[in-house]
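Reviewing the structure listed below.
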Amino acid sequence: MSFKQNQPQAQHITALISQSVPLSDMQGFYVYHISLPSVHCILPFKQTQVRHGNTISGPIIMALADAAMYALLLAIDENNLTAVTRDFQIQFLSRPAAQDLVAVAHLIKDSARHSLMRVEILSNEKLVAHVTGSYSKP
149 MSFKQNQPQA
159 QHITALISQS
169 VPLSDMQGFY
179 VYHISLPSVH
189 CILPFKQTQV
199 RHGNTISGPI
209 IMALADAAMY
219 ALLLAIDENN
229 LTAVTRDFQI
239 QFLSRPAAQD
249 LVAVAHLIKD
259 SARHSLMRVE
269 ILSNEKLVAH
279 VTGSYSKP
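The sequence shown begins at 149 in the working numbering and counts up by one.
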């Protein structure tokens, strides 16, 4: 599966995240599409993400979800660059295939102090994890 960024804003948000979270760049994470109040992000598959059982490891999925929430926050307002994760809950629903993952982050509630979001992690268009979390704003 191959995705390409389709918006200059998506490229800009990806660059902001890459500069502030270098690990995201090492994994190849990028924002694919922004349509507020949602963003679509891609984590390209790498063999180093696989654990026993030929599935992508949980920490990789969790990092993707957190990065997608951060991308959504920055797409809403770039002044949120110093925002930090406030809480994070994940439900693993099924094993993802050893392939690219898609994260779709949705804004649930936004306030001056924090933002509440949910993220759906998809593997081959199948929901493999559901995440809720929030970020504290500066």
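Glycine included, every Cβ here is placed at the ideal spot set by N, Cα and C. It should be emphasised that the depicted structure is a prediction, and the values quoted were computed from it without experimental measurement.
Span of the beta strand (DSSP E) around residue i
i           : result
residue 281 : 274-284
residue 233 : 232-240
residue 258 : 249-258
residue 266 : 262-271
Nearest neighbour of residue i, chosen from the options [CA to CA]
i           : options            : result
residue 267 : 223, 261, 159, 282 : 282
residue 182 : 217, 207, 203, 195 : 217
residue 254 : 262, 195, 175, 187 : 187
residue 234 : 251, 280, 173      : 280
residue 164 : 261, 270, 260, 223 : 223
residue 258 : 275, 278, 220      : 220
residue 269 : 185, 158, 174, 208 : 208
residue 252 : 228, 157, 215      : 215
residue 237 : 278, 271, 286      : 278
residue 228 : 177, 262, 271, 210 : 262
residue 212 : 225, 226, 193      : 193
Outcome for residue i when other beta-carbon atoms lying within 10 angstroms are tallied against a minimum of 16
i           : result
residue 150 : Confidence at residue 150 is low in this model, with a pLDDT of 49, below 50, so the placement of that residue should be treated as unreliable; the coordinate-derived value is given next. The residue in question, residue 150, is exposed, as its Cβ has fewer than 16 Cβ neighbours within 10 Å.
residue 232 : exposed
residue 230 : exposed
residue 241 : exposed
residue 265 : buried
residue 158 : buried
Short CB-CB distance (under 8 Å) between residue i and chain C
i           : result
residue 234 : Looking for chain C here will not work: only one protein chain is present.
Distance cut-off 7 Å: residue i Cβ against heavy atoms of the ligand SAH
i           : result
residue 166 : As far as ligands go, the structure on display features none, and thus does not contain the ligand SAH.
Report task. Let me know the alpha helix (DSSP H) ranges lying completely inside the segment 157-228, each 4 residues or longer, listed in chain order. Result -> Here the runs fully enclosed are 170-175, 206-224.
Requested in this report: Evaluate the contact criterion for the segment 196-206 versus the segment 236-256: three or more CB pairs, one atom per stretch, below 8 Å.
Outcome: These segments touch.
Requested in this report: Check whether the segment 161-170 touches the segment 192-201, taking contact to mean three or more Cβ pairs, one atom from each stretch, closer than 8 Å.
Outcome: A contact is defined here as three or more CB-CB pairs under 8 Å, and the segment 161-170 fails this definition with respect to the segment 192-201.
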